[in-house]
Amino acid sequence: MRYPDAEWFNEDFWSVLLNLLDELQWQEDKAELIRVKAGSKDFLEDVQIEHTRLFINAIPHVVAAPYASVHYKGDGTLYGIIAEQTKKFYREKGFALAKESDLPDHIVYELEFLAILANEDHEGQKKFLRSLFTPWFEIFKSKVLEEAHHPYYRVVMNLIDFFTREEL
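Under the numbering used here, think of the first position of the sequence shown as 1002, with each following residue one higher.
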């Protein structure tokens, strides 16, 4: 869910994504992505535009803000109670954000944290998923799936859902 840039959103990434879809036998998703990429003059730019529309700015408002506080147990604003709970959970597990000003409940940080826990603390991962990730992700995922104009983001949402459910 990072902003797609050429440094990582490249042919190597594309190959890994398509192989993953093969492994999962998600052939329809794979075929749709291949079709859309083949028909695009600049696939990276198309994905960047959609990322900006969905997660950064759109008129009249951001379609799907990638922060737990906006979607769950809050009033739709940033840095709500769930952000504090998330930051506390990070600290308890020895995880720190690069900058103090980073918002802890951004989906990118939560997914990075879950990846670390997958290797180091399976029970901690389950607890984080149940209490802090899944409740808001379900709401967020629904918004993205409903509003995404580009199949890449539908595929990404379904992959995140698949892998986080596998861990519960």
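Every residue, glycine too, gets a C-beta built ideally from N, C-alpha and C.
As computed with DSSP, His1107 is found in a beta bridge with Tyr1068. Apart from sequence neighbours up to five positions away, the residues of its chain that approach Tyr1073 with a beta-carbon distance below 8 Å are Ile1083, Pro1136, Trp1137, Ile1140, ordered along the chain.
In the three-state scheme derived from DSSP, where H, G and I count as helix and E and B as strand, Asn1159 is classed as helix. Distance between Val1156 and Gly1040, taken at the CA atoms: about 18 Å. Under the DSSP assignment, Leu1021 falls in the alpha helix (DSSP H) whose first and last residues are 1012-1024.
Relative to the Cα of Leu1079, the nearest Cα in the group Pro1105, Ala1097, Phe1096, Gly1095 belongs to Pro1105. With a 10 Å radius around the Cβ and a threshold of 16 neighbouring Cβ atoms, Glu1024 comes out exposed. Under the Cβ criterion (8 Å, minimum of three pairs), the region 1143-1161 counts as touching the region 1030-1046. In the three-state DSSP reduction, Asn1120 falls in the helix class (H, G or I). If you ignore the 5 residues before and after Ile1117, its C-beta comes within less than 7 Å of the C-beta of Phe1096, all in its own chain and listed in chain order. The DSSP-derived three-state label of His1052 is helix. In terms of Cα proximity to Ala1065, the closest of Leu1160, Glu1147, Asn1159 is Glu1147.
With 16 or more other Cβ atoms from the protein chains shown falling within 10 Å of its own Cβ, His1107 counts as buried.
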